[in-house]
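Working notes for the structure below.
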Amino acid sequence: MAAFLDPGAWGREFADGLGGYANMAGMWIVGEDMPQATNRVTLNADVKDRFGMSVPNVHYDDHENDMKMREHAFQRGEEIHKASGA
Numbered sequence: 001m002a003a004f005l006d007p008g009a010w011g012r013e014f015a016d017g018l019g020g021y022a023n024m025a026g027m028w029i030v031g032e033d034m035p036q037a038t039n040r041v042t043l044n045a046d047v048k049d050r051f052g053m054s055v056p057n058v059h060y061d062d063h064e065n066d067m068k069m070r071e072h073a074f075q076r077g078e079e080i081h082k083a084s085g086a
């Protein structure tokens, strides 16, 4: 749960948020992203990993359908949580 509550967070405020874990509900949204000509993975010539290999650069752009699908899922998720009394 910590990885999704506030990725990369740390400290008292984050720990307080995790303190409510027993009363939390979560939902994983899975959908298929549409291909985009601008989406790509390239190798970084300047940054190397600990093995001396070039690290990847990932470039991703949302397709309009991706955004609509995500918004639809968020709305349905909110409805499900409200219907359960959350």
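The opening residue of the sequence shown carries number 1 in my numbering; numbering runs sequentially from there. A virtual CB, placed ideally from N, CA and C, is assigned to each residue, including glycine. Just so it is clear, the structure is predicted and the values come from calculations on it, not from any experiment.
Minimum C-alpha distance to residue i - residue among the options
i: Asp66; options: Gly77, Gly8, Pro7, Val30; result: Val30
i: Gly20; options: Trp10, Met1, Ala83, Glu32; result: Met1
Beta-carbon proximity list for residue i, same chain, < 8 Å, skipping 5 on both sides
i: Ala86; result: Ala25
i: Leu43; result: Ser54, Val55, Pro56, Asn57
i: His59; result: Thr38, Asn39, Arg40, Val41, Thr42
i: Ile80; result: Met27
Neighbourhood of residue i by C-beta, 6 Å cutoff - its chain only, sequence neighbours within 5 removed
i: Gly17; result: Leu5
i: Met69; result: Gly31
i: Gly8; result: none
Same chain only: Cβ atoms within 7 Å of residue i, ignoring 5 sequence neighbours per side
i: His63; result: Asp33, Met34, Gln36
i: Asp61; result: Gln36, Thr38, Asn39
i: Phe14; result: Asp6
*Evaluate the contact criterion for the region 23-31 versus the region 50-64: three or more CB pairs, one atom per stretch, below 8 Å.*
no
*List in chain order: all unbroken beta strand (DSSP E) runs of 3+ residues lying wholly within the region 16-47.*
none
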